[in-house]
Amino acid sequence: MGQGPSKEDYLIGYTKDEEQVTWKDIELDKQQQIVHLSKRNLYSITPHIGLFTMMKRIDLSHNSIRCIPEAIGHLQHLEYLNLSHNHLMEIPDTLSQLSRLKELDLSYNKLQRITRFIGDLDRLQSINLEHNQLTELPFTIEGLLSLTTLDVSYNPIIILPAPLIQLPYLRRIQLDGCPLTGSVDFLNTPYNPPSLVEICARLMTTAQIECPLTETLDQYVSSYEICNHCRGPYFESFVSRGRWIKRNDVWIPLEYRLCSAHWLDESDRVIATFATAVYPRASFCKKQHRSVFKVWMKHTASSKSR
Numbered sequence: 139m140g141q142g143p144s145k146e147d148y149l150i151g152y153t154k155d156e157e158q159v160t161w162k163d164i165e166l167d168k169q170q171q172i173v174h175l176s177k178r179n180l181y182s183i184t185p186h187i188g189l190f191t192m193m194k195r196i197d198l199s200h201n202s203i204r205c206i207p208e209a210i211g212h213l214q215h216l217e218y219l220n221l222s223h224n225h226l227m228e229i230p231d232t233l234s235q236l237s238r239l240k241e242l243d244l245s246y247n248k249l250q251r252i253t254r255f256i257g258d259l260d261r262l263q264s265i266n267l268e269h270n271q272l273t274e275l276p277f278t279i280e281g282l283l284s285l286t287t288l289d290v291s292y293n294p295i296i297i298l299p300a301p302l303i304q305l306p307y308l309r310r311i312q313l314d315g316c317p318l319t320g321s322v323d324f325l326n327t328p329y330n331p332p333s334l335v336e337i338c339a340r341l342m343t344t345a346q347i348e349c350p351l352t353e354t355l356d357q358y359v360s361s362y363e364i365c366n367h368c369r370g371p372y373f374e375s376f377v378s379r380g381r382w383i384k385r386n387d388v389w390i391p392l393e394y395r396l397c398s399a400h401w402l403d404e405s406d407r408v409i410a411t412f413a414t415a416v417y418p419r420a421s422f423c424k425k426q427h428r429s430v431f432k433v434w435m436k437h438t439a440s441s442k443s444r
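Heads up, the sequence shown is in our numbering, so the first residue is 139 and it goes up one at a time.
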């Protein structure tokens, strides 16, 4: 039997001139566990990037990369990732699996959205998103409990998610060049009552009830968001409220997303803060939710066979 290709022959990517870049072409600092691929005229990256499992720092900046493979999520020891100055329009959801990541640079790309799973990076300390095409940040950003620095300068962002200012270690927010809204009144939308399905899903999530579900319903129940006031769950139906805060002599507009019309204006908000029962942060968690549909089906099948 012939031997497979050696590690050095693995294809890592292509340059704009269609030249192959293999493992042996890469500048590695094995002692410092660093991969240098900056300014290599790279156009694409293959899933073999996931082979750098022991590396702590990867620099792919100043290339022409348009897409990052999902295999990036295999880099479980990665602490620093630089993808700046490329042509990225999105990043894969698997980026959220980089549990040790501390610094992420996505500046100078063409990103139009950030994965909603970004909040899983609870060790992330710095994220640079300047000079992209982002119109909003996901509300799941509240999961970045170690974040100290956020740069979203020169993005068409008009308002920020309210949970951002509650991050315990956040010290610096860069908003240069963002067309922040002059009014938050447009957020005071009327309440759209939830459907019967959503009401049941809210109750199941809050009480952590496990019951047989189809795959579609299981995915639905797992997709809840968290109210920015009482921390209860909601799905499609929510109320938006706006508020201004001052940070470092800069007025910042914030958006709150609520599971119901907890408050209408600032005075209402203050009153509601002291009058509403709040769910503890750990009272329920998406990672705790699991489908019992397959277990139930297996149990049913075994019962019938008896």
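Even glycine gets a Cβ: it sits at the ideal position worked out from N, Cα and C.
In chain order, what residues of the same chain lie with their CB nearer than 6 Å to the CB of Tyr246, ignoring the 5 residues before and after it? Cβ-Cβ distances below 6 Å link Tyr246 to Ser222, His223, His269 in the same chain, with the five nearest sequence neighbours on each side left out; the list follows chain order.
Look up Glu336 in the DSSP assignment and say whether it is helix, strand or coil. Note: Glu336 maps to helix in three-state DSSP.
Roughly how many angstroms lie between the CA atoms of Ile311 and Asp289, to the nearest whole one? Cα to Cα, the separation comes out at about 6 Å.
Exposed or buried, Glu157, counting other C-beta atoms within 10 Å across all chains shown (16 or more means buried)? By the neighbour-count definition (other C-beta atoms within 10 Å, threshold 16), Glu157 is an exposed residue.
Beta-carbon contacts of Tyr148 that lie in its chain and below 7 Å, excluding the five residues immediately before and after: These residues qualify, in order along the chain: Thr160, Trp161, His186, Leu189.
Let's see if you can read the secondary structure: which residues bound the alpha helix (DSSP H) around Glu353? First-last of the alpha helix (DSSP H) with Glu353: 353-359.
Quick check on the burial criterion: 16 or more other C-beta atoms within 10 angstroms. Buried or exposed for Cys316? Looking at its Cβ environment, which holds 16 or more other Cβ atoms inside 10 Å, Cys316 is buried.
Close beta carbons around Ile196, own chain, < 6 Å, minus the five adjacent residues each side: Cβ within range, chain order: Val173, Leu219.
Sequence-distant residues of the same chain with beta carbon closer than 6 Å to Leu267, five excluded per side: Answer for Leu267: Leu244, Val290, listed in chain order.
What is the DSSP secondary structure of Ala420, reduced to helix, strand or coil? With a pLDDT of only 42 at Ala420, under 50, the local geometry of the prediction cannot be trusted, and the value read off the model is given with reservation. Of the three classes helix, strand and coil, the one that applies to Ala420 here is coil, per DSSP.
Best match in Ile256, Arg309, Thr153 for proximity to Tyr276 [C-alpha to C-alpha]: The question names Tyr, yet the displayed sequence has Pro at residue 276. The residue with the shortest Cα to Cα distance from Pro276 is Ile256.
Could you tell me which residues DSSP puts in a beta bridge with Val388? Looking at the DSSP assignment, Val388 forms a beta bridge with Arg385.
For Val173, report the span of its beta strand (DSSP E) as first-last. Going by DSSP, Val173 is part of the beta strand (DSSP E) stretching over 172-174.
Buried/exposed call for Ala420, threshold 16 Cβ in 10 Å: Note that Ala420 scores a pLDDT of 42, beneath 50, so its modelled location is shaky and nothing firm can be said.
Give me the Cβ distance between Leu283 and Leu318, rounded to the nearest whole Å; I'm assuming they're in contact under 8 Å. Incorrect: roughly 25 Å between the Cβ atoms, too far for contact.
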